[in-house]
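Count along the sequence shown from 1, add 5, and you get the number used in this note's numbering.
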Amino acid sequence: EIFRPEGSGDWLFLIFKSRTRVFLPTGEAAAAPGGVILYPPGAPQHYRAADSPWENDYLHFAGKDAGELAEKLALPLGQVFYPAGVEELMRRLAAIEAAAVQTPDLADIVADAEIRRLFLELHQAGDPPRSRHAAVLRQLRLEVYRTLGEEWSVERMAERICLSPSHFFAEYRKLFGLSPIADLIGMRISL
């Protein structure tokens, strides 16, 4: 469990790779794998594992222009959201880390450029378009994660929420940024 009532003194970007409970000013929220949160400096940070093992990718950073850029790009701050293309965001974090190790004399310049690019990708990915099925898809996803030992197919999941398999597949991918089977395989591998 991470609990920083006064924040960490810098920006914190988290990508949840396993189920996590996030405590927000509006109440407790469940974050599924693929969810992200961007905390500004001074914002309370409180989250804990909902699964074991617990896994996330993160980046702490500082920068006087970050707040202005986040505002200009209308990035959601201090709330869990699900951008499409989360795999690219994870690659962006790896690039920032690699820059610090491979080019230490240029690390600040490279990190600044990469963080700006990360912000732009968050803006462009945005929260996937909401559909009238978003709530039931999120609930189904949570049920699947809770019962990974069961045999889940696209057909079974689609039937569970009364959609055709093709419509279910499209809605799932639009909301979570990956196919239902890729999501299921990724979760099973992470166990």
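Every residue, glycine too, gets a C-beta built ideally from N, C-alpha and C.
Does the segment 77–88 come close enough to the segment 54–66 that 3 or more CB-CB pairs lie under 8 Å? no
Measure the CB-CB distance between residue 16 and residue 46 and report whether it falls below 8 Å. In the sequence shown, the residue the question calls residue 16 occupies position 11. In the sequence shown, the residue the question calls residue 46 occupies position 41. A contact, by the Cβ cut-off of 8 Å.
Is residue 14 helix, strand or coil when you go by DSSP? Numbered from 1 along the sequence shown, position 9 holds the residue referred to as residue 14. Three-state DSSP puts residue 14 in coil, outside helix and strand.
Mind checking residue 69: buried by the 16 CB within 10 Å criterion, or exposed? If you number the sequence shown from 1, residue 69 lands on position 64. With fewer than 16 other Cβ atoms within 10 Å, it is exposed.
Measuring only the C-alpha atoms, how far is residue 105 from residue 97? Here the question's residue 105 lines up with position 100 in the sequence shown. Here the question's residue 97 lines up with position 92 in the sequence shown. Approximately 13 Å, taken between the alpha carbons.
Taking just the CA atoms, how far does residue 124 sit from residue 165? As a working mapping, residue 165 is identified with position 160 in the sequence shown. As a working mapping, residue 124 is identified with position 119 in the sequence shown. Cα to Cα, residue 165 sits roughly 36 Å from residue 124.
Pairwise C-alpha distance: residue 160 and residue 115: Position 110 of the sequence shown, counted from the start, is the residue given in the question as residue 115. Position 155 of the sequence shown, counted from the start, is the residue given in the question as residue 160. When rounded, the distance between both Cα atoms is 46 Å.
Residue 133 versus residue 82 - alpha carbon distance: Stepping through the sequence shown from its first residue, residue 133 is reached at position 128. Stepping through the sequence shown from its first residue, residue 82 is reached at position 77. Below a pLDDT of 50, predicted positions are generally treated as unreliable, and residue 133, at 49, falls in that range; no measurement from the model is reported.
Please name the residue or residues paired with residue 197 in a DSSP beta bridge. Since the displayed the chain opens at 6 and closes at 196, residue 197 lies outside it and no answer follows.
Select from 44, 143, 121 and 108 the residue whose C-alpha is nearest the C-alpha of residue 179. To locate residue 179, count along the sequence shown from 1; it is residue 174. Relative to the Cα of residue 179, the nearest Cα in the group 44, 143, 121 and 108 belongs to 143.
Can you tell me whether residue 65 is helix, strand or coil according to DSSP? Counted from its first residue, the sequence shown places residue 65 at position 60. Taken through DSSP and simplified to helix, strand or coil, residue 65 comes out as strand.
Nearest candidate by alpha-carbon position, reference residue 140, set 31, 153 and 181: Start at 1 with the first residue of the sequence shown, and residue 140 comes out as number 135. Measuring from the Cα of residue 140, the nearest candidate turns out to be 181.
According to DSSP, simplified to helix, strand and coil, what is residue 89? Reading the sequence shown from its first residue, position 84 is the one you call residue 89. Residue state, collapsed to three classes: coil.
Hey, how far is the Cα of residue 150 from the Cα of residue 110? In the sequence shown, counting from the first residue as 1, residue 150 sits at position 145. In the sequence shown, counting from the first residue as 1, residue 110 sits at position 105. If I take the Cα positions, the gap works out to 44 Å.
Are the Cβ atoms of residue 84 and residue 42 separated by less than 8 Å? As a working mapping, residue 84 is identified with position 79 in the sequence shown. As a working mapping, residue 42 is identified with position 37 in the sequence shown. It is a contact, given that the beta carbons lie within the stated cut-off.
Measure from the C-beta of residue 108 to each C-beta in chain B and report whether the shortest distance is under 8 Å. Among the chains of the structure shown, chain B does not appear; only one protein chain is present.
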